[in-house]
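Heads up: the sequence shown at position 131 corresponds to 130 in numbering that gives the first Met the number 0, and the numbers run straight through without jumps.
Quick reminder that beta carbons are idealized off the backbone N, C-alpha and C, glycines included.
I have placed the structure first, in the form of structure tokens, so that the comments after it can refer back to it.
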Amino acid sequence: MARVYVSSLINAPAPKVWARVRDFNGLPSWHPAIARSRIEDGRAADQVGCVRNFTLTDGAPLREQLLALSDYDLLCTYSILQSPMPLTDYVATLRLTPVTDGDRTFIEWTAEFECAADDEAGLTAAIGSEVFQAGFDALKRHFAAQMK
Numbered sequence: 000m001a002r003v004y005v006s007s008l009i010n011a012p013a014p015k016v017w018a019r020v021r022d023f024n025g026l027p028s029w030h031p032a033i034a035r036s037r038i039e040d041g042r043a044a045d046q047v048g049c050v051r052n053f054t055l056t057d058g059a060p061l062r063e064q065l066l067a068l069s070d071y072d073l074l075c076t077y078s079i080l081q082s083p084m085p086l087t088d089y090v091a092t093l094r095l096t097p098v099t100d101g102d103r104t105f106i107e108w109t110a111e112f113e114c115a116a117d118d119e120a121g122l123t124a125a126i127g128s129e130v131f132q133a134g135f136d137a138l139k140r141h142f143a144a145q146m147k
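Right under this line is the structure:
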């Protein structure tokens, strides 16, 4: 099983960061790789079991299902149902932890999935940098701009 772990520190309070990332259908508003998104079947974006159907900026389609969403624990867990990437059994969690020193946010994004051994290094690197870190960098830019 392949694993990806990326963490960062965002100079904004956890409730503000959570308000930005909590919406399961809101990826286009904060992640630079996402062009558009919609929740299938008219379900609410915070309803466990809902499916987001989105398109990357390169046109690739993805479908993901919300498995858990906790305002108390500041976490979101989801699985990939359809992806152009050669992987299966993908489950990821985005988790925020308040940092009281400076009122900042520790953010971590993890994923586990199955793939061919030949694909593992490339997939873990791409997911770690182009998905997880790219999202964190966009959040940092957003909150830095708010501080000016």
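Residue i in three-state terms, based on DSSP
| i | result |
| --- | --- |
| Gln81 | strand |
| Ala144 | helix |
| Thr99 | coil |
| Asp88 | strand |
| Arg2 | strand |
| Ala120 | helix |
| Phe135 | helix |
| Ala13 | helix |
| Gly127 | helix |
| Ala43 | coil |
| Arg21 | coil |
Any C-beta of chain C under 9 Å from that of residue i
| i | result |
| --- | --- |
| Trp29 | Going by chain labels, chain C is absent from the structure shown, which holds only one protein chain. |
Whole-number beta carbon distance between residue j and residue i, since they are thought to touch under 8 Å
| i | j | result |
| --- | --- | --- |
| Ile9 | Ile106 | 6 Å |
| Ala1 | Cys75 | Actually they are not in contact, since the Cβ atoms of Ala1 and Cys75 sit about 20 Å apart, beyond 8 Å. |
Residue(s) in a DSSP beta bridge with residue i
| i | result |
| --- | --- |
| Cys75 | Leu68 and Leu93 |
| Thr54 | Arg35 and Pro60 |
| Trp108 | Val5 and Leu93 |
| Glu113 | Thr87 |
Reference residue i; option with closest CA among the options
| i | options | result |
| --- | --- | --- |
| Tyr77 | Gly127, Tyr71, Asp88 and Met84 | Asp88 |
| Leu68 | His141, Gly25 and Val47 | Val47 |
| Leu80 | Ala91, Leu86 and Glu63 | Glu63 |
| Ile38 | Pro31, Trp29, Ser28 and Asn24 | Asn24 |
| Asp159 | Arg2, Met0 and Ser6 | One cannot answer for residue 159 here, as it falls past the ends of the chain, which runs 0 to 147. |
| Pro31 | Leu93, Ala143 and Leu138 | Leu138 |
| Pro97 | Ala116, Glu113 and Tyr71 | Tyr71 |
| Arg103 | Asp118, Ala125, Phe142 and Phe112 | Phe142 |
| Val3 | Glu111, Leu66, Gly134 and Ala133 | Glu111 |
Residues of its chain near residue i, where Cβ-Cβ distance is below 6 Å and the 5 sequence neighbours each way are ignored
| i | result |
| --- | --- |
| Trp17 | Leu73 and Leu95 |
| Ala59 | Pro83 |
| Gln145 | none |
| Trp108 | Val5, Leu93 and Phe131 |
| Gly134 | His30 |
Same chain only: Cβ atoms within 8 Å of residue i, ignoring 5 sequence neighbours per side
| i | result |
| --- | --- |
| Gly41 | none |
| Thr56 | Pro31, Ala32, Ile33 and Ala34 |
| Leu26 | Ile33, Ser36, Arg51 and Phe53 |
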